[in-house]
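Colleague: Per the UniProt record's numbering, residue 1 is the first one in the sequence shown, and the count goes up by one each step.
Where is the CB? At the ideal position from N, CA and C, for every residue including glycine.
Before I ask anything, let me first share the structure, which is written out below as structure tokens.
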Amino acid sequence: MTATLGALAWLAVVVLFGAVVPVVPTGAAVSGAAALAAHQDPVTVLLVVLAGAIGAYVGDLAVYLAMCWGGERFARRLRWLRGPNRLDRVSARVREGGVTMFLVSRLIPGGRLPVLLAAAVSGLPWRRFAVANLPASLLWSALYAAIGVLGRAIFPEPWQSVVAAILIVLLISQALGWWGRRRPLSVPPPASPAPPA
1 MTATLGALAW LAVVVLFGAV VPVVPTGAAV SGAAALAAHQ DPVTVLLVVL
51 AGAIGAYVGD LAVYLAMCWG GERFARRLRW LRGPNRLDRV SARVREGGVT
101 MFLVSRLIPG GRLPVLLAAA VSGLPWRRFA VANLPASLLW SALYAAIGVL
151 GRAIFPEPWQ SVVAAILIVL LISQALGWWG RRRPLSVPPP ASPAPPA
């Protein structure tokens with residue numbers, strides 16, 4: 001049991017680190033841990049979901065607070081936010097979207113940081129962000145754990161299901177990233193000048 005708790009703590013730390021430094025494949029870590037847990041004790045899968053959600057949630061809080069502190073200066077330098085009123089439109093979408101927006105941003109490769117930046121710059125209150133991001137982090141962790149459990153259902157050996165879960169997550173992430181890069185960035189037409197009074 002101590003080894004299991006230690007592994008769960010490490011999973012939470014890895015996901016937290018990946019939330020702050022977005023080069024660690026956190027979804028693959030949760031999927032692999034869930035695949036391994038499903039081979040040992042199915043109840044442990046719930047603890048994997050919880051550990052992944054805690055790491056994601058705490059990491060998002062840290063990034064959000066950092067974005068609140070210096071996000072607007074950073075946002076004004078980003079190419080995709082330089083258009084007129086672009087940052088205001090993105091911020092309005094984040095305020096309206098709530099949990100759904102935070103969940104979707106976690107599922108799209110490279111989507112989480114822009115949404116956190118827009119939420120911080122828009123002045124979304126910290127408490128509202130903390131409440132909206134809690135179910136989003138939990139749903140994200142449950143989804144990636146489900147991918148790991150699916151790998152366990154297909155492959156009989158624990159190492160096979162862990163490798164399959166990680167490969168599935170990486171392939172899905174790459175496919176979504178490729179699709180996002182292929183879609184043109186929609187820029188609204190310039191507003192027509194107001195008629196003279």
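1. With DSSP run on the structure shown, which of helix, strand or coil describes Leu139?
2. Could you check what DSSP says for residue 200 in three-state terms: helix, strand or coil?
3. Starting from the C-beta of Leu103, find all residues in its chain whose C-beta is less than 8 Å away, skip the five residues before and the five after it, and write them out in chain order.
4. Along the chain, where does the alpha helix (DSSP H) that runs through Gly110 open and close?
5. Would Thr26 and Val43 qualify as a contact pair, given that the criterion is a beta-carbon distance under 8 Å?
6. Using three-state DSSP, classify Pro188 as helix, strand or coil.
7. Using only alpha-carbon positions, find the residue among Ala19, Arg152, Ala12 that is nearest to Ala66.
8. For residue 281 versus Val45, is the C-beta distance shorter than 8 Å?
9. Could you tell me whether the Cβ atoms of Ser122 and Arg89 are closer together than 8 Å?
10. Along the chain, where does the alpha helix (DSSP H) containing residue 201 start, and where does it finish?
11. If Ala145 sits next to Val24, beta carbons under 8 Å apart, how far is it from one beta carbon to the other, in whole angstroms?
12. Just mark Val21 as buried or exposed, buried being the case when its beta carbon has 16 or more other beta carbons within 10 Å.
13. Quick one: what does DSSP say Ala9 is sitting in, helix, strand or coil?
14. For Leu116, which residues of its own chain have a beta-carbon under 6 Å away from its beta-carbon, when the five flanking residues on both sides are left out?
15. Helix, strand or coil: which one does DSSP assign to Pro42?
16. Can you check which of these residues, Arg128, Gly6, Ala92, is closest to Leu61 by C-alpha distance?
Modeller: Once the coordinates are examined:
1. Residue state, collapsed to three classes: helix.
2. Nothing about residue 200 can be read from this structure; the chain reaches only from 1 to 197.
3. Within the same chain, Leu103 has close Cβ partners Pro135, Ala136, Leu139, Trp140.
4. For Gly110, no alpha helix (DSSP H) encloses it, and the DSSP letter there is neither H nor E.
5. If you check the CB distance, Thr26 and Val43 do not come in under 8 Å.
6. Low local confidence applies: a pLDDT of 42 at Pro188 is under 50, so the model's placement there is unreliable, with the coordinate-based value given in what follows. Of the three classes helix, strand and coil, the one that applies to Pro188 here is coil, per DSSP.
7. Scanning Ala19, Arg152, Ala12 for the CA closest to the CA of Ala66 turns up Ala19.
8. Absent from the structure is residue 281, since the part of the chain shown begins at 1 and ends at 197.
9. A distance of 8 Å or more separates the beta carbons of Ser122 and Arg89.
10. No answer is possible for residue 201: the residues shown for the chain start at 1 and end at 197.
11. A Cβ-Cβ distance of about 17 Å is found for the pair Ala145 and Val24, leaving them out of contact under the 8 Å criterion.
12. Answer is exposed; the Cβ neighbour count stays below 16.
13. Ala9: helix per DSSP, three-state reduction.
14. Contacts found: Val63, Tyr64, Met67.
15. In the structure shown, Pro42 sits in a helix (DSSP, three-state: H, G or I).
16. Checked all of Arg128, Gly6, Ala92; the closest Cα to Leu61 is Arg128.
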